Every structure is written in C-alpha cells, then in structure tokens.
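In terms of the numbering used here, the sequence shown opens at residue -14 and continues consecutively.
Okay, so here's the structure we're looking at.
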Amino acid sequence: MAKHTIIITRTWQTDNSTISSYEITGSSIKGYFLERPGPDTQESHQRKRIPEGNYSIKWHYSSIPTVSPYNPVPLLFNATVPESRNILIHNGNFPRDTDGCLLIGSSRGVDFVGNSVKKLKELQNFITSKGISNFSLTIKSCYSGCTTSEGL
C-alpha cells in the first residue's frame, strides 16, 4: 500500500481546460494541475481529460522534446487505464502543451498554470526521496462545495 497519495481535486473547468488543486499526503507540497477539458477517456490519442480514480505511478522516459530534458517523469496507470494511454505528469503551462497529460504548476489562471518546471522538479525530488513505489494518485472532481480531503 502506498505511503503517500497525490490527491488531485478538479475544481475549475472551461471549454479549453480543467484545473485541479493537489496535495501530497505526509508533506507540505501543494499546487495545481492543468489538463484537457472533459469528457474523460481511457483511450489514447484523444486529447481528452483523464478518468477519475486511483492510479499507480512509475517513472517514464518521454520523447516529447519539451519534456525529455526533465526525464524521468511520472506515468499514471490503473486496471482500466493502461500504461499505453501514456498519462504523464510533466511541465507545460497551457492546454496546447498537453495531449491528455497533467501539467503541473504552482500558480493558476484561466487555462494556465505557472512555474511548471520548478514545481515538476519539486515533485520529482520528493518522489525520488521517498521511492516511487510508495506513491499512488487519486483524481476526483469537486466543482463546488467540498474540500480536498473529502470523499477519500
């Protein structure tokens, strides 16, 4: 069982993106993720949002030119969303920077997350220090009236 969970709570959505807040249990690390707008899909190459649920993570070496300088990056998967869906946590600021991955940041705006590379490095360092096998990730939606720890 994972000792640390990255809890992602979808809170804001537009026609162009979905933005979530996140926190990691057992740490003070918090921030934001930007992903594609809904609907969710398990299928690859659809430029759509990731399905809600619980995920395992492992390291992945990306060939995306803007991501590869920061390899390895976390890859998400579970029983219904295969590794081949290639859901990564990586750097980027705008919806155009993702084909269905989670873009990490320390600030947010409309269809934007900021300080992405710095926040990605912080996450990578924390995961490395604790061991990636000790992590899981949970995605849920809460567009009004709940807190990040509710419903887990």
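The beta carbon of each residue, even a glycine, is placed where N, CA and C say it ideally should be.
Source: prediction; values computed, not measured.
Taking DSSP as the reference, what is the three-state secondary structure of residue i?
{"i": "S29", "result": "coil"}
{"i": "Y46", "result": "coil"}
{"i": "R180", "result": "Outside the shown range of the chain, which is -14 to 137, sits residue 180, and nothing can be said about it."}
{"i": "F35", "result": "Note that residue 35 is Ile in the sequence shown, not Phe. Note: I35 maps to coil in three-state DSSP."}
{"i": "I4", "result": "strand"}
{"i": "F111", "result": "helix"}
{"i": "I(-7)", "result": "strand"}
Quick one: residues in its chain with C-beta nearer than 8 Å to the C-beta of residue i, no 5 flanking neighbours on either side, listed in chain order?
{"i": "P24", "result": "K33 and R34"}
{"i": "L105", "result": "Y55, V58, I74, H75, N76 and I89"}
Skipping 5 residues on each side, what residues in its chain have a beta carbon closer than 6 Å to that of residue i?
{"i": "S91", "result": "G16, N100 and K104"}
{"i": "R138", "result": "The displayed coordinates of the chain run from -14 to 137. Any statement about residue 138 would go beyond what the structure contains."}
{"i": "S53", "result": "S47"}
Nearest-angstrom Cα distance between residue i and residue j?
{"i": "T113", "j": "I124", "result": "21 Å"}
{"i": "A(-13)", "j": "R81", "result": "32 Å"}
key: contact_flag[the stretch 86 to 105, the stretch 2 to 20] where n(CB pairs < 8 Å) is 3 or more   = yes
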